[in-house]
Amino acid sequence: APAPAGDEPDWKRFYEALLPPPAAVAAAAEPRRAAARTVQAASKGENTIRVDTGRFDQILNLAGEIGLTRNRLGYLRNAILRGTADENELASLDLSVNRLGTLVTDLQTVVMKARMQPVGRVFQKYQRVARDLARQLGKEIELTLVGEETEIDKTILEELNDPLVHLVRNAVDHGIESPEEREEAGKPRVGAIEINARQEGDRIVIEIRDDGRGMSAQRLRDKAVEKGLLRADEAATLDERQSLNLIFMPGFSTKDQISDVSGRGVGMDVVRTNIQKLKGRIDLASRPGSGSRVTILLPLTLAILPVLMLRSGPQPYAIPLSAVREVIAIEEGTIQHVANRPALMLRGEVLPLIPLADFLEGSDEGMVGIVATVGERTVVLRADQVLGQDEVMIKPLEGLKPRGIAGATLSSEGVLVLVLELQELIESAAPAGSAVTA
Numbered sequence: 002a003p004a005p006a007g008d009e010p011d012w013k014r015f016y017e018a019l020l021p022p023p024a025a026v027a028a029a030a031e032p033r034r035a036a037a038r039t040v041q042a043a044s045k046g047e048n049t050i051r052v053d054t055g056r057f058d059q060i061l062n063l064a065g066e067i068g069l070t071r072n073r074l075g076y077l078r079n080a081i082l083r084g085t086a087d088e089n090e091l092a093s094l095d096l097s098v099n100r101l102g103t104l105v106t107d108l109q110t111v112v113m114k115a116r117m118q119p120v121g122r123v124f125q126k127y128q129r130v131a132r133d134l135a136r137q138l139g140k141e142i143e144l145t146l147v148g149e150e151t152e153i154d155k156t157i158l159e160e161l162n163d164p165l166v167h168l169v170r171n172a173v174d175h176g177i178e179s180p181e182e183r184e185e186a187g188k189p190r191v192g193a194i195e196i197n198a199r200q201e202g203d204r205i206v207i208e209i210r211d212d213g214r215g216m217s218a219q220r221l222r223d224k225a226v227e228k229g230l231l232r233a234d235e236a237a238t239l240d241e242r243q244s245l246n247l248i249f250m251p252g253f254s255t256k257d258q259i260s261d262v263s264g265r266g267v268g269m270d271v272v273r274t275n276i277q278k279l280k281g282r283i284d285l286a287s288r289p290g291s292g293s294r295v296t297i298l299l300p301l302t303l304a305i306l307p308v309l310m311l312r313s314g315p316q317p318y319a320i321p322l323s324a325v326r327e328v329i330a331i332e333e334g335t336i337q338h339v340a341n342r343p344a345l346m347l348r349g350e351v352l353p354l355i356p357l358a359d360f361l362e363g364s365d366e367g368m369v370g371i372v373a374t375v376g377e378r379t380v381v382l383r384a385d386q387v388l389g390q391d392e393v394m395i396k397p398l399e400g401l402k403p404r405g406i407a408g409a410t411l412s413s414e415g416v417l418v419l420v421l422e423l424q425e426l427i428e429s430a431a432p433a434g435s436a437v438t439a
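To convert, take the position in the sequence shown, counting from 1, and add 1; that gives our numbering.
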């Protein structure tokens, strides 16, 4: 009924009567806020590590031993400065220095182990990734995880997640056939994918295998030519391994139609780039009709890096020892020129010769060659002198990123040493269009 004149309804009071009290609204909203805080914290990444207390006990014990050795060295130093040190104390100085080196090495090992985390933390989520994608594509798969207890540095483990997700999705989408195709080929309806992690020496090896359709080297070459990534004459010179590695080229895809899952030619090149940033390597093997295997090799940790020290001009440099194949002497008569670029013949293999003086301060007349392998490419770096091996901790250069420089460290003499980024140096030295044929 219309309100009497002069007596307008109070709509505000009417709606307030319908709404719950503010305290009830706040109480109902709190679970949602807590969930949002959890999601936000997860998106920032974990900043904590779960470590066994036994490892902390080892760290505490080693710290105490180092303190005792420091006190002993302080006493011997004072005795030497006073001129009262005898032969026994000088011998004790030598023993104390050696003991300090052993204790520091042990401490580094224990601290690095404290950063290690089992790969199973990351592997577990791939079960759901594979299952959801298989359901979307109408496929049947079984994902098996092996070596979940294998430990790897926390930083590497976090950076490894995205490449592995892409490789698992590739195996489901490109590798495993539909149930009908598998039955026609005499295979079980359920496709098998296995992720295997293990430690080999100072490296972690991760393999992703499937028993799907595999890849044909000829089909990959034809696709590369069709998409304009290679000329027909270039494709004809590639062997089977080089043909399989075509999938790492930017823009390469075997899919004829673009979908939400694949077909854009973006992915495998990013996977290889991310693996190389972790100082690792990725290899591929496949057989048509029998499936494919992707192998990733990674260092145990990025905290301490074994390097080869060398000199080009007055400045010392370092390169990762894992990339060094051998060190050779260069003789002027052995230098050849291929496509107007210097090269060396080493046991029947023609290798590009890259003088470090082209990028760094130094001389083009260096007579030492470092045979280095980065990814699929092997080159000879020409330097003035090799100084030896060392284990260093790399520090980033804050505020600047020179070409071909990964970071810096200090030598045992206290001299600043620049650590080279071989991938950037080799790409800078390669002539245009030689990314595949080099």
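Every residue, glycine too, gets a C-beta built ideally from N, C-alpha and C.
No experiment lies behind these values; they were computed from the predicted model shown.
What is the DSSP secondary structure of residue i, reduced to helix, strand or coil?
i      : result
Met117 : strand
Ala344 : strand
Asn48  : coil
Glu208 : strand
Leu398 : coil
Ser260 : Confidence at Ser260 is low in this model, with a pLDDT of 49, below 50, so its placement is unreliable and the value that follows should be read with caution. Residue state, collapsed to three classes: coil.
Asp385 : coil
Thr151 : coil
Glu425 : helix
Gly266 : Caution is warranted here: a pLDDT of 42 is assigned to Gly266, below 50, making its placement in the model unreliable, and the coordinate value is therefore given only provisionally. It is coil, neither helix nor strand.
Leu491 : Because the chain is modelled from 2 through 439, residue 491 falls outside the range shown and cannot be assessed.
Glu185 : helix
Arg170 : helix
Pro251 : coil
Ala225 : helix
If you count every other CB in all the chains shown that lies within 10 Å of the CB of residue i, and 16 or more means buried, which is it?
i      : result
Ala324 : buried
Ala436 : Legend: pLDDT at Ala436 = 36, less than 50; position of this residue unreliable, value from coordinates given subsequently. Exposed.
Phe253 : buried
Gly102 : exposed
Asp82  : Sequence check: residue 82 is Leu here, not Asp. With fewer than 16 Cβ atoms within 10 Å of its Cβ, Leu82 is classed as exposed.
Lys224 : buried
Ile153 : buried
Ile50  : exposed
Gly334 : exposed
Ala340 : exposed
Asp58  : exposed
Leu247 : buried
Arg220 : exposed
Looking only at C-alpha atoms, which of the options sits nearest to residue i?
i      : options                        : result
Pro321 : Glu141, Pro300, Leu82          : Pro300
Lys115 : Asp359, Asp212, Lys155, Leu161 : The sequence shown places Ala at residue 115, not Lys. Closest by alpha carbon: Lys155.
Gln316 : Ala409, Ala225, Gln390         : Ala409
Glu185 : Gly213, Leu168, His167, Val393 : Gly213
Val387 : Arg312, Ala193, Arg83, Val226  : Arg312
Leu285 : Phe249, Ala236, Leu303         : Phe249
Ser291 : Leu426, Ile194, Ile205         : Ile194
Ile60  : Arg122, Ala407, Val112         : Val112
Gln118 : Ser93, Thr151, Asn99, Arg136   : Thr151
Asp270 : Lys280, Pro164, Val206         : Pro164
Glu275 : Glu350, Leu168, Arg242         : The residue asked about is misnamed: residue 275 is Asn in this sequence, not Glu. It is Leu168 whose Cα lies nearest to the Cα of Asn275.
Ile371 : Leu417, Leu91, Thr238, Leu345  : Leu345
Leu138 : Asp58, Gly176, Leu108, Val105  : Gly176
Ile336 : Glu327, Arg404, Ala92, Val351  : Val351
Val173 : Val147, Tyr127, His338         : Tyr127
Ser93  : Leu108, Tyr76, Thr106          : Tyr76
Pro189 : Lys140, Glu159, Glu235, Arg199 : Lys140
Leu348 : Ile329, Lys396, Glu333         : The question names Leu, but residue 348 is Arg in the sequence shown. Ranking the options by Cα distance to Arg348, first place goes to Ile329.
Leu230 : Asp211, Pro251, Arg242         : Pro251
Arg132 : Arg183, Ile331, Glu143         : Glu143
Since I believe residue j is in contact with residue i (beta carbons under 8 angstroms), could you give me their beta-carbon distance rounded to a whole number of angstroms?
i      : j      : result
Arg170 : Val120 : 18 angstroms between Cβ atoms; not a contact.
Glu392 : Ile305 : 5 angstroms
Glu428 : Ala407 : At roughly 14 angstroms, the Cβ-Cβ gap does not stay under 8 angstroms, so Glu428 and Ala407 are not in contact.
Met310 : Gly389 : 6 angstroms
Gln424 : Gln277 : 6 angstroms
Leu104 : Leu63  : 6 angstroms
Val420 : Leu411 : With a Cβ gap of about 11 angstroms, Val420 and Leu411 do not count as contacting.
Arg326 : Thr374 : 6 angstroms
Measure the Cβ-Cβ separation of residue i and residue j and say whether it is below 8 angstroms.
i      : j      : result
Ala54  : Ser97  : Here the sequence assigns Thr to residue 54, which means Ala is not the residue at that position. It is not a contact, given that the beta carbons lie outside the stated cut-off.
Gly187 : Ser287 : no
Ala384 : Val369 : yes
Asn197 : Glu208 : yes
Gly192 : Glu201 : no
Arg222 : Leu245 : no
Leu398 : Ile355 : no
Val380 : Pro343 : no
Arg282 : Leu298 : yes
Val166 : Thr296 : no
Ala218 : Val226 : no
Arg210 : Arg294 : yes
Leu279 : Glu160 : yes
Ile157 : Leu108 : no
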